[in-house]
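Trainee: Could you have a look at this structure, given as structure tokens, before my questions?
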Amino acid sequence: MELTGAQALIKSLEQQGVDTVFGLPGGAILPVYDPLLDSSIRHILVRHEQGAGHMAEGYAMATGRAGVAMVTSGPGATNIVTPITNAHMDSTPLVVITGQVATSSIGLDAFQECDITGITMGVTKHNFLVQSAHELPRAVAAAFHLATTGRPGPVLIDVPKDVAQSTMEWWYPSGIEELGLPGYRPTVELDESAVARCVALIESSERPVLYVGGGTLKSRATAELLAFAERTRIPVVTTLMARGAFPDSHDQHLGMPGMHGVYAAVTAIQRADLLITLGARFDDRVTGKIAAFAPDAKVIHVDIDRAEFGKIRRPDVALQTDVATALRAFDAAGARPRNLDGWWREIRSWQASYPLTYDEPEVDGPLRPQHVIESIARTAPAGTIVASGVGQHQMWTAQHWPFEEPNTWVNSGGAGTMGFGVPAAIGAKAGRPDRTVWCIDGDGCFQMTAQELVTARSEGIPIKVAILNNAYLGMVRQWQEMFYDERYSEVYLSPDLPDYVKWAEAMGCVGLRATNVKEMNDVIDEANTINDVPVVIDFRTDSAEKVFPMVPAGVSNDDILVHPSQRGGAR
Amino acid sequence: MNVPEPFAGESTHSPVRHHILSVLVENKSGVLARIAGLFARRGFNIYSLAVAPSESHARYSRVTIVVDAESAPLEQIVGQLDKLVNVVDITDIAPREAVERELLLATIKTDVANRTPLLDTLGNAGAAIVDVDPGAVTVMLAGTPSACDDLERALEAFAEVELHRTGRVALPRLGRSTPTTPEP
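Note that the protein sequences, when read in sequence, are chains W and X.
In terms of this note's numbering, the first sequence is residues 2 to 572.
In terms of this note's numbering, the second sequence is residues 330 to 513.
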């Protein structure tokens, strides 16, 4: 069967089981958009290529399958570099297809030419510049294999226009051997001696902590985690990327560690004699000052990526495998720590003394952002997916939203990409239309990517967006208040400009506003009844509200600042 | 790439804590850029780098990289390098376990006065004259990096026009190699 490269590309995507592509056409990718008309694949037309990338990420995080985005060359390609970087930092499986100028024009500064494989070399797991139509099926199959196996990540396929236009005899790789990846070995044999050393460390520990990272979700190890944790009674902390990997309602769950972590989670790590690190990478937002991080702890480091071993913290045992395999091996060996009663007594006292807290809102407003989040969560159906941007609202959501199951938390961790929330929520809803999807956003973030609500409305993707409108770039404001003598430099945004309700309405969404607690409850109830179009709610929150606890950057986790109302005694 | 300043009087090419990585890569466009980019963005130092088609297959090339194991732990460098999809195999060769050679080419101005001492210097080093014209000679030495260092220093006494070194290539001493990734 003779196909054009463009037809072969679309057919290859169908072969991979792709049901949704987020994208925006342009000159160099034009040939590929023609056979899309005849395909079963749903294309979601975005308003900016950054939106396509973040939607594909949201889709991937909510479904566990690779997200796919397709854009044109030049500025289309550079506009999607931020999502690619974001996916690279958070190990999100992404396949990005970019148009490229014709092979005869490459290197000649042709119209809308840019060296996107060069630009993205450092922020993709791998990328391809496809040289012939015959190679397209292999490139697509290899891209999905690379994106979804081992440590997942973004893979970019650059398709020159003449490659899409020329013809090929249809074929498709029948197995991994035909992908032409002799240097790619994502899995290694389980090192039984390392497992034995892990078991020995677990069995001699008295103050162990399960330090659970995003790799636990990537390897779909939540059932194994629950079984192992319950059998051993070891306390669990879940990082920002792992929220949902272990139920928040579980009494062994101490919450999130790190810069804005729960006191008990942070302190348990600091006092631990053993960290069982599962798909986590000792990020600076978790460790604080690295020299003072968990000073007495031996470290078991389980990761699929061996380059993570010793990158930040030298492990006592490194176990290169996926988290599920490691936990099954620990269970098979019957690994069990010593009696943890004393350890739990200490932890319970920290939990009792320093729970997450905030001041009650005044009846007449302004609203407390944490209270808004908890109020939305209380009325949200089980399994609701929540997305966020980056900043204070993200930390409050990570702290106060009750996560109970995997793939319900869609956020930007490593890259810290403002504006991630709205498009990521749209992508999540496109991938899981059966779920309610809330985006808890900040006013600064919302202004970066809000135009994608036009996409959501026109494509019939009814997400709900809660803007915690404190009229500031809130996290920057918090740092300026605390560390720059309250000298506020370029952080004020105004609560009224833009008018978020009118803006929402202009984009075909329902726009609502709440300034006090009664209005807040009313608009949340109203939003919950609207399931056909997107809803945007402008919640007027207290500008002075700060995220606590907080470990200032570069400071030891021992010097965690708790909420002001808890600072009476020793802290 | 960060090229560290050599210490005064010390060889520019024989760092104390260097390691040799013999890296088999797919012979695809951009592979060298991927390796160089990785070293640059991770802050790993390269002392020298040599690339040529490999022995076994037209499909592969061999890259010999002399890395500064002080700039980052060797396991980090190897681990990150191994993540490059086009990298097929990495062999880490400790200097004491390696047979290392490099090539030095130099053009020296000659006159009646310096001809004899120059010939003595070349003779002592085991270097050969490979090109001659009335006012200059081009000489070569294929030898150990330290032999090349010695000749380079000795040639400073003469009016050098140009001196090039290739950077080293290496193979494990027989029976002592340490492959760090399985063979493909």
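Glycine is no exception: its CB is placed at the ideal position from the N, C-alpha and C atoms.
Note that the structure is a prediction, hence the values are computed from the model and not measured.
1) Can you say whether F438/W is buried or exposed, counting buried as having 16 or more other CB atoms within 10 angstroms of its CB?
2) What does the alpha-carbon distance come out to for the pair V534/W and P424/W?
3) Compare the C-beta of H89/W with all C-beta atoms of chain X and state if any pair is closer than 9 Å.
4) Under the rule that 16 or more other beta-carbon atoms within 10 Å means buried, what is Y485/W, buried or exposed?
5) Leaving out the 5 sequence neighbours to the left and right, which residues in its chain are closer than 7 Å to F336/X when beta-carbon positions are compared?
6) Are the CB atoms of P338/W and E207/W nearer to each other than 9 Å?
7) Helix, strand or coil: which one does DSSP assign to L31/W?
8) If you draw a straight line from the C-alpha of R152/W to the C-alpha of D526/W, how long is it?
9) Along the chain, where does the alpha helix (DSSP H) that runs through I120/W open and close?
10) Identify, in the order they occur along the chain, each residue of the same chain with its Cβ nearer than 6 Å to the Cβ of V189/W, setting aside the five sequence neighbours on each side.
11) Going by C-alpha to C-alpha distance, which of A67/W, E225/W and S194/W sits closest to V156/W?
12) As a quick exercise: from G472/X, D478/X, F487/X and A488/X, pick the residue whose alpha carbon is nearest that of V498/X.
13) For Q395/W, which residues in the same chain have their Cβ closer than 7 Å to its Cβ, ignoring the five residues on either side in sequence?
14) Tell me the DSSP secondary structure of W410/W in three-state form.
15) Could you please give me the residues that DSSP links to W402/W through a beta bridge?
16) How is C477/X classed by DSSP in three states: helix, strand or coil?
17) Please decide whether S351/X counts as near chain W, where near means a Cβ-Cβ distance under 9 Å.
18) Within the same chain, show all residues whose beta-carbon is closer than 8 Å to that of T380/W, passing over the 5 residues directly before and after it, in chain order.
19) I'd like the list of long-range same chain contacts for T450/W, defined as Cβ closer than 8 Å, with 5 residues on each side in sequence excluded.
20) Which residues does DSSP pair with C440/W in a beta bridge?
21) Using 8 Å as the Cβ pair cut-off and three pairs as the minimum, do the stretch 503-513 of chain W and the stretch 451-466 of chain W touch?
22) Identify the contact partners of V416/X in chain W, using a Cβ-Cβ distance below 8 Å as the criterion.
23) Any C-beta of chain X sitting closer than 9 Å to the C-beta of G27/W?
24) Quick check on DSSP: helix, strand or coil for V19/W?
25) Put H372/W into one of helix, strand or coil per three-state DSSP.
26) In chain W, which residues lie less than 8 Å from A362/X when you measure between Cβ atoms?
27) Establish whether the CB of S400/X and some CB of chain W are separated by less than 9 Å.
28) With a CB to CB cut of under 6 Å and the five nearest residues on each side skipped, what residues in its chain are close to V141/W?
29) Tell whether a beta-carbon distance below 9 Å holds between T398/W and I427/W.
30) Can you give me the C-alpha to C-alpha distance between Q17/W and Y185/W, rounded to a whole angstrom?
31) Would you list the one or two residues that DSSP bridges to R494/X?
32) Using a beta-carbon distance below 9 Å, is R1/W in contact with chain X?
33) Within the stretch 147-226 of chain W, note down every full alpha helix (DSSP H) run reaching 4 residues or more, in order along the chain.
34) Any beta carbon of chain X sitting closer than 9 Å to that of F310/W?
35) I'd like to know if R346/X contacts chain W, where contact means its C-beta is closer than 9 Å to some C-beta of that chain.
36) Could you have a look at A571/W and say whether DSSP puts it in helix, strand or coil?
Mentor: Looking at the coordinates:
1) Here the sequence assigns Val to residue 438/W, which means Phe is not the residue at that position. Flag for V438/W reads buried.
2) 15 Å
3) no
4) exposed
5) The predicted position of F336/X is uncertain, since its pLDDT is 32 and thus under 50; no value can be drawn from it.
6) yes
7) helix
8) 41 Å
9) I117 to I120
10) Q321
11) A67/W
12) G472/X
13) S389 and N412
14) strand
15) Its beta-bridge partners do not exist; DSSP assigns none.
16) helix
17) no
18) I525, D526 and N529
19) H49, Q51, G52, H55, G420, F421, G422, V423 and P424
20) A388/W and V466/W
21) yes
22) G184
23) no
24) coil
25) helix
26) G119 and M122
27) no
28) S13
29) no
30) 20 Å
31) L433/X
32) Any property of residue 1/W remains undetermined from this structure, which presents chain W solely from 2 to 572.
33) 162-166, 193-204 and 215-219
34) yes
35) no
36) Confidence at A571/W is low in this model, with a pLDDT of 49, below 50, so the placement of that residue should be treated as unreliable; the coordinate-derived value is given next. Coil, per DSSP.
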